[in-house]
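Worksheet for the structure shown next.
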Amino acid sequence: MKVVRCRYCPQLLLTPESRARGYGLICGRKHGLIPPATPRQRGTTTPVKPVTTPDVHPGQTAIPIQPPLPEE
């Protein structure tokens, strides 16, 4: 195994990916060559409860926008 060192510091590069780049993860982030890690997005923590009112029936998939006008 060939010893490969980072081009910015004396750290040894151990992974094949960092050897191919020529620098490690820390130096890459420090010099702006590797973007910072993005935080994971958490899903909804509270369960969503369906709306049940006298106007909305359990099997109903849409809510009417305008109530029907009373007939004269």
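In the numbering used here, the protein residues as written are 2 to 73.
Using N, Cα and C, we set each Cβ at its ideal position, and we do this for glycine too.
Since we're looking at a predicted model, the values are computed, not measured.
- Task: With distances taken Cα to Cα, identify the nearest neighbour of Thr16 among Leu26, Tyr9 and Cys10.
- Result: Leu26
In this structure, what does DSSP give as the bridge partners for Leu14? Partner(s): none; Leu14 has no beta bridge.
Note to self: Quick check: Gly44 and Ile35, are their CB atoms within less than 8 Å of each other?
What the structure shows: no
- Start and end of the alpha helix (DSSP H) containing Cys28? Leu26 to Lys31
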